[in-house]
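Novice: Every position in the sequence shown, counted from 1, becomes a number in my numbering once 1376 is added. Got a structure for you, questions after.
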Amino acid sequence: MQQKIVIVLGSPNYPSGALGEISKSRLNYCLNTFQEGNLILCTGGWGAHFNTAEKAHASYSKTFLIEHGISENSFLEFALSTNTVEDAVKTKQIVSKFENPQLTIVTSDYHLNRVKLIFNEILEKYAMNFIGIESNLNKEEYSTLVLHEQKAIQSILEIGLYY
């Protein structure tokens, strides 16, 4: 039987460790679609741009999911990453222990194209589904994030991925 693994990509949290709305939207998708027997892999360590709190972002994500009913034994080790490329590299190290897993990568709509580009290269031999959760951001915040993603994708297309 093919093991289903849901990979929830990290996003900014507050210095207190409280999760931001982007994180919560991704985690709520995981909660709403979780099936017994699935495994969950949370990503995100520390970084000035997304987490300066005491614990790794992935730890706050796991706590949120457990508080909402997911059992402790449904979690894989954390992918303690600082960016999307590390998300993929560290995820590959963890999921490589499974034979032919089915991966579902959960991110946000504005981030989806870059995630596909990166994960399809780094985890090319794996069966993957990509989920881009709708962002409920104001127009200015959303536009800023979309512009950042477009520049990041252009950079990858021009100089490639380094990992």
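Note that the Cβ used here is the ideal one computed from N, Cα and C, for glycine as well. All figures in this text were calculated on a predicted structure; none of them were measured in a lab.
Under 8 Å by Cβ, that's how I've got residue 1419 and residue 1385 pegged, so tell me the actual separation to the nearest angstrom.
Specialist: Position 43 of the sequence shown, counted from the start, is the residue given in the question as residue 1419. Position 9 of the sequence shown, counted from the start, is the residue given in the question as residue 1385. The Cβ separation is near 5 Å, so the contact holds.
Novice: Taking only runs of the beta strand (DSSP E) that begin and end inside the stretch 1490–1531, which ones reach a length of at least 3 residues, in chain order?
Specialist: Counting whole runs of 3 or more residues, the stretch 1490–1531 contains the beta strand (DSSP E) stretches 1503–1509.
Novice: Just curious, the alpha helix (DSSP H) that residue 1392 is in, first and last residue?
Specialist: Locating residue 1392 in the sequence shown gives position 16, where the first residue counts as 1. Taken as a continuous stretch (DSSP letters only), residue 1392 belongs to no alpha helix (DSSP H), as it is neither H nor E.
Novice: Under 8 Å, with one C-beta from each stretch per pair, do the stretch 1461–1477 and the stretch 1486–1498 reach the 3-pair mark?
Specialist: The stretch 1461–1477 vs the stretch 1486–1498: in contact.
Novice: In this structure, how does DSSP classify residue 1478 when only helix, strand and coil are distinguished?
Specialist: Walking along the sequence shown from the start, residue 1478 turns up at place 102. DSSP places residue 1478 in strand when its eight states are reduced to three.
Novice: Return the first residue and the last residue of the alpha helix (DSSP H) that residue 1431 is part of.
Specialist: The residue given as residue 1431 occupies position 55 in the sequence shown. Neither: residue 1431 is in no alpha helix (DSSP H) and is coded neither H nor E.
Novice: With DSSP collapsed to three states, give me the class of residue 1457.
Specialist: Here residue 1457 refers to the residue found at position 81 of the sequence shown. Residue state, collapsed to three classes: coil.
Novice: Contact between the stretch 1503–1515 and the stretch 1527–1536: three or more CB pairs below 8 Å?
Specialist: The stretch 1503–1515 is not in contact with the stretch 1527–1536.
Novice: Look up residue 1417 in the DSSP assignment and say whether it is helix, strand or coil.
Specialist: In the sequence shown, counting from the first residue as 1, residue 1417 sits at position 41. The answer is strand: DSSP assigns residue 1417 an E or B state.
Novice: Apart from the five residues on each side of it in sequence, which residues of its chain come closer than 7 Å, Cβ to Cβ, to residue 1461?
Specialist: Position 85 of the sequence shown, counted from the start, is the residue given in the question as residue 1461. The answer, listed in chain order, is 1494, 1537 and 1539.
Novice: With H, G and I counted as helix, E and B as strand and the rest as coil, what does DSSP make of residue 1446?
Specialist: Here residue 1446 refers to the residue found at position 70 of the sequence shown. Correct three-state label for residue 1446: coil.
Novice: Where DSSP assigns a beta bridge to residue 1380, which residues make up the other side?
Specialist: By one-based count along the sequence shown, residue 1380 stands at place 4. Residue 1380 is bridged to 1478.
Novice: Going along the chain, which residues of its own chain have a beta-carbon closer than 8 Å to the beta-carbon of residue 1400, five neighbours each way excluded?
Specialist: Reading the sequence shown from its first residue, position 24 is the one you call residue 1400. Contacts found: 1440.
Novice: If you reduce the DSSP assignment to three classes, tell me which class residue 1435 lands in.
Specialist: Within the sequence shown, the letter at position 59 stands for residue 1435. Residue state, collapsed to three classes: helix.
Novice: Could you say if the stretch 1516–1527 and the stretch 1426–1446 meet the contact criterion of at least three C-beta pairs nearer than 8 Å?
Specialist: Because the criterion of three Cβ pairs below 8 Å is not met, the stretch 1516–1527 and the stretch 1426–1446 do not touch.
Novice: On the premise that residue 1456 lies in contact with residue 1424, defined as a C-beta separation below 8 Å, what is that separation, rounded to the nearest angstrom?
Specialist: Locating residue 1424 in the sequence shown gives position 48, counting from the first residue. Locating residue 1456 in the sequence shown gives position 80, counting from the first residue. Wrong, their Cβ atoms sit about 15 Å apart, outside the cutoff.
Novice: From residue 1450 to residue 1487, what does the alpha carbon distance come to, in whole angstroms?
Specialist: Numbered from 1 along the sequence shown, position 74 holds the residue referred to as residue 1450. Numbered from 1 along the sequence shown, position 111 holds the residue referred to as residue 1487. Roughly 26 Å between the two C-alpha positions.
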